[in-house]
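A short worksheet on the structure shown next.
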Amino acid sequence: MLAAGQESLPKNSVITPHPGEAARLLGVGIKDIQADRPAAVRALARKFNTVCVLKGSGSLIADADGRLALCNHGHPAMATAGLGDVLAGLIGALMAQHLTPFDAACLAVWLHASAGQKVGESGRGLAASDIIPAIRQLLEELQPCLI
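For the sequence shown, full-length UniProt numbering begins at 1 and goes up steadily by one.
Given below as structure tokens:
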């Protein structure tokens, strides 16, 4: 839909492309995205007037005003089907609790990556269902800070 030219998203939308999707959305190659990930995520946020999470090693979050955040947590085993759906669900759940889209995306990316790192370091395979308990544990540990 977006790659086909529809450049209007509802207010408070968040998009979560991986580098291949980002390349299609910007009409460039994946190498171009990876060569300057901060510029790419900012370009996507501006183009679609939204918050953008550019997934991958060193996930980046940007908004249309130029704010940029980096998450260095994560694990290579996180590149599996379904983990992006978990991230999107986390972002939506946090927005439903009245966090701004940028703040929700930043917290969700950190929770998602930290949980994935914790589970990934255990040495076993990583499925979407594996990180949900770790996310819950992180939220319980952070609860005093989130109130």
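Glycine included, C-beta positions come from ideal geometry on N, C-alpha and C.
Predicted model only: the values in this text are computed from it and were never measured.
Contact between the stretch 92 to 106 and the stretch 131 to 138 is absent, with fewer than three C-beta pairs closer than 8 Å.
Linking Ala22 to Lys118 through their CA atoms gives a straight-line distance of about 27 Å.
Looking at the backbone, the Cα of Gly29 and that of Asp36 are separated by about 12 Å.
Within the same chain, Cβ atoms closer than 7 Å to the Cβ of Gln34 are found at Pro19, the five residues on either side in sequence being excluded. Taking C-alpha positions only, Asp63 is separated from Thr50 by approximately 6 Å. Taking Arg67 as the centre and dropping the five residues before and after it, the same chain places the C-beta of Phe102 closer than 7 Å to its C-beta, in chain order. Residue pairing by DSSP places Val86 opposite no residue, since no beta bridge is assigned to it.
Taken through DSSP and simplified to helix, strand or coil, Leu9 comes out as coil. If you look at Ala113, you'll find it in the alpha helix (DSSP H) that goes 101 to 120. Taken atom to atom, the span from the alpha-carbon of His98 to that of Gly89 is near 15 Å. The beta carbons of Ala127 and Gly74 sit about 16 Å from each other, so the pair does not count as a contact at 8 Å. If you ignore the 5 residues before and after Ala108, its C-beta comes within less than 7 Å of the C-beta of Leu87, Leu90, Ile91, Leu94, all in its own chain and listed in chain order.
In the same chain as Thr80, and ignoring 5 residues on each side of it, the C-beta atoms closer than 7 Å to its own belong to Leu126, Ala127, in chain order. In the structure shown, the three-state DSSP call for Leu70 is strand. Between Ile15 and Leu60, the C-beta gap is not smaller than 9 Å, which leaves the two residues out of contact. Ser13 is the residue among Ser13, Ala113, Gly56 whose C-alpha sits nearest the C-alpha of Thr100.
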